[in-house]
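Student: Residue numbers (the numbering used here): 162 to 600.
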Ligand code: ASP
């Protein structure tokens, strides 16, 4: 049995948190490869080390004095080192970092030091081998991640290394320049390491006991999803739910390795299993609810539209020309509505409208802003009757007007459009009808 364990910033924010992490790792032999993030916030008004590094480097880049911020960063690590009683000095590391900041080694290099240093501390604490991610995680010249080269180098190395710490979030180009993933990218590193060592499971340790059925800012203490498929997760994340970095799914999904989201502060909780497929029935008829505000709809009406070949293509080409992706496109007999992100649309509004007028000669174009889309997702929908009815009844009972309905052909989601002002009430109503009134 081989496990890759990734710990997020809040799990490694202080010596106290490190101790919890140490206990978790030592409690199972199989937890052989560890991917740490940089130290996160210790309390809500605290600053993450990664954010400190970004501000420190921007001072360095502007030839301003960055010593105070650098000292603050250093003190975060020293506090952890002394709290753990380690005999480790980061003097040499900080000499190098200071020198490289002065020489303007790049913002990615700067940001990556958070994970790099935490990796050194973690390896010392656990007695594991430290592997600098810059030597293994490889990027192509165009900035994209090089899956093939990385997998080759990393799996060869891990085969020979019994236990190792590999810092998250960064890698390097072939010439050695450091490059990071986007924010939250240690999740991606964990997934890459899991694939390279052919792990049985990728454990992603964070500060929640799993993936919640809906946004806890909207519904108080929502239920935790026990098992979710990659496909369901993708749908929910796309609609705004966030626990994992979006790109973290791909490496393990390809390799068929499940992800287990766990809580460092409550290790006895089972967390959420993210799997390719499963015969586990979801506890409720739906797996999750997610949504986003900030959409605009553009409705185009034209008599006999349905008989006009190429009409839809022409409408969409107006959006394509302006570089605006569309989210949904429900249609009626002589109407077609395109949902787009309001902020993406605003800038090009007149360009798109005049192009639609020119290409399609519609009777009416109507715009509506401040809309929200809500996705009700679940693999259990296919076999269950009346799911849509319950969604709509829940909204109707709460006096919410539904502006749009869309059900994917995979029958794994129902998407409803409502006015932004009704967004939170809609999510609560749907949650209630499926979780609190489960028949
Ligand atoms: N430390 C990085 C960030 O704050 C990466 C990570 O934590 O995954 O975005």
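Built from N, CA and C at the ideal position, the CB exists for glycine as well.
Model, not experiment: these values are computed from the prediction.
1. Taking only runs of the alpha helix (DSSP H) that begin and end inside the stretch 557-596, which ones reach a length of at least 4 residues, in chain order?
2. Just reading off the alpha helix (DSSP H) that residue 421 is part of, what are its end residues?
3. Any idea which residues DSSP pairs residue 365 with across the strands?
4. Could you check whether residue 168 and residue 425 sit closer than 9 Å to each other, using their CB atoms as the reference points?
5. For the ligand ASP, is there a heavy atom less than 8 Å away from the beta-carbon of residue 330?
6. Classify residue 305: buried if its beta carbon has 16 or more other beta carbons within 10 angstroms, exposed otherwise.
7. Helix, strand or coil for residue 531? Go by DSSP, reduced to three states.
8. Residues in the same chain with beta-carbon distance under 8 Å from residue 476, minus the five sequence neighbours each way, listed in chain order, please.
9. Does the Cβ of residue 276 lie closer than 8 Å to at least one heavy atom of the ligand ASP?
10. Starting from the Cα of residue 335, find the closest Cα among 593, 296 and 413 and give me that residue.
11. Who are the Cβ neighbours of residue 377 in its own chain at under 7 Å, not counting the five residues just before and after it?
12. Going by other Cβ atoms of all chains shown within 10 Å of its Cβ, with 16 needed for buried, is residue 440 buried or exposed?
13. Looking at the secondary structure, which residues open and close the beta strand (DSSP E) in which residue 458 lies?
14. Residues in the same chain with beta-carbon distance under 7 Å from residue 272, minus the five sequence neighbours each way, listed in chain order, please.
15. Can you tell me which of the three DSSP states residue 188 falls into?
16. Considering Cα atoms alone, identify which of 448, 561 and 465 is closest to residue 542.
17. Taking a contact to mean a Cβ-Cβ separation below 9 Å, would you say residue 418 touches residue 324 in this structure?
18. Around the C-beta of residue 288, are 16 or more other C-beta atoms found within 10 angstroms, so that it is buried, or is it exposed?
19. Can you tell me the Cβ-Cβ gap for residue 333 and residue 300, rounded? I've got them flagged as a contact below 8 Å.
20. Indicate, with yes or no, if the ligand ASP has a heavy atom lying under 8 Å from the CB of residue 347.
21. Examine the Cβ distances between the stretch 199-209 and the stretch 173-183 and report whether three or more of them are shorter than 8 Å.
22. What span of residues does the alpha helix (DSSP H) with residue 340 cover, start to end?
23. Comparing alpha-carbon positions, which option in 409, 407, 535 and 220 lies nearest residue 456?
24. Skipping 5 residues on each side, what residues in its chain have a beta carbon closer than 6 Å to that of residue 466?
25. How is the alpha helix (DSSP H) around residue 279 delimited, first residue to last?
26. Give the single residue among 269, 255, 353 and 223 whose Cα lies nearest to the Cα of residue 231.
27. So, with DSSP's three-state summary, where would you put residue 504?
28. For the stretch 188-197 against the stretch 216-230, are there 3 or more C-beta pairs whose distance is under 8 Å?
29. Going along the chain, which residues of its own chain have a beta-carbon closer than 7 Å to the beta-carbon of residue 432, five neighbours each way excluded?
30. Is residue 295 helix, strand or coil when you go by DSSP?
31. Could you name the residues of the same chain whose beta carbon sits closer than 8 Å to that of residue 311, not counting the 5 residues immediately before and after it, in chain order?
32. Below 8 Å on the Cβ atoms is my contact criterion, and I expect residue 556 with residue 563 to pass it. Report the Cβ-Cβ distance as a whole number of Å.
33. Name the DSSP bridge partner or partners of residue 218?
34. Tell me whether the beta-carbon of residue 588 lies closer than 9 Å to the beta-carbon of residue 450.
35. Report the rounded CA-to-CA distance for residue 307 versus residue 464, giving the unit in angstroms.
36. Compute the distance between the beta-carbons of residue 480 and residue 525, then report whether it is under 9 Å.
Tutor: Per the coordinate set shown:
1. 584-592
2. Segment 420-424 is the beta strand (DSSP E) holding residue 421; no alpha helix (DSSP H) there.
3. 167 and 422
4. yes
5. yes
6. Exposed: under 16 other Cβ atoms inside 10 Å.
7. Look at residue 531 here: in three-state DSSP terms it is strand.
8. 461, 497, 499, 517, 520 and 521
9. yes
10. Minimum Cα-Cα distance from residue 335 among the listed residues 593, 296 and 413 corresponds to 296.
11. In chain order, 383 place their CB closer than 7 Å to the CB of residue 377, counting only its own chain and leaving out the 5 sequence neighbours on each side.
12. By the Cβ-count criterion, residue 440 is exposed, with fewer than 16 other Cβ atoms from all chains shown falling within 10 Å of its own Cβ.
13. Start and end: 449-462.
14. 211, 214, 215 and 341
15. In the three-state reduction of the DSSP assignment, residue 188 falls in the coil class.
16. 448
17. Not closer than 9 Å, so no.
18. exposed
19. 7 Å
20. Correct: residue 347 has its Cβ closer than 8 Å to the ligand ASP.
21. Contact check between the stretch 199-209 and the stretch 173-183: three or more CB pairs, one atom from each, fall below 8 Å, which counts as touching.
22. That residue, residue 340, is in no alpha helix (DSSP H); its beta strand (DSSP E) goes 339-341.
23. With respect to the C-alpha of residue 456, the residue from 409, 407, 535 and 220 having the closest C-alpha is 535.
24. 472 and 495
25. It spans 268-287 - the alpha helix (DSSP H) in which residue 279 sits, taken as one unbroken run.
26. 255
27. Helix.
28. No, they do not touch.
29. 370, 371, 421, 422, 423 and 424
30. helix
31. Listed in chain order, the non-local C-beta contacts of residue 311 below 8 Å within the same chain comprise 297, 298, 299, 332, 353 and 357, local neighbours out to five positions each way being set aside.
32. Between residue 556 and residue 563 a beta carbon distance of about 6 Å is seen, short of the 8 Å cut, so the two are scored as contacting.
33. Per DSSP, residue 218 has no beta bridge partner at all.
34. Yes, the Cβ-Cβ distance between residue 588 and residue 450 is below 9 Å.
35. Computed Cα separation, rounded: 51 Å.
36. No; because the gap between Cβ atoms is not below 9 Å, this pair is not in contact.
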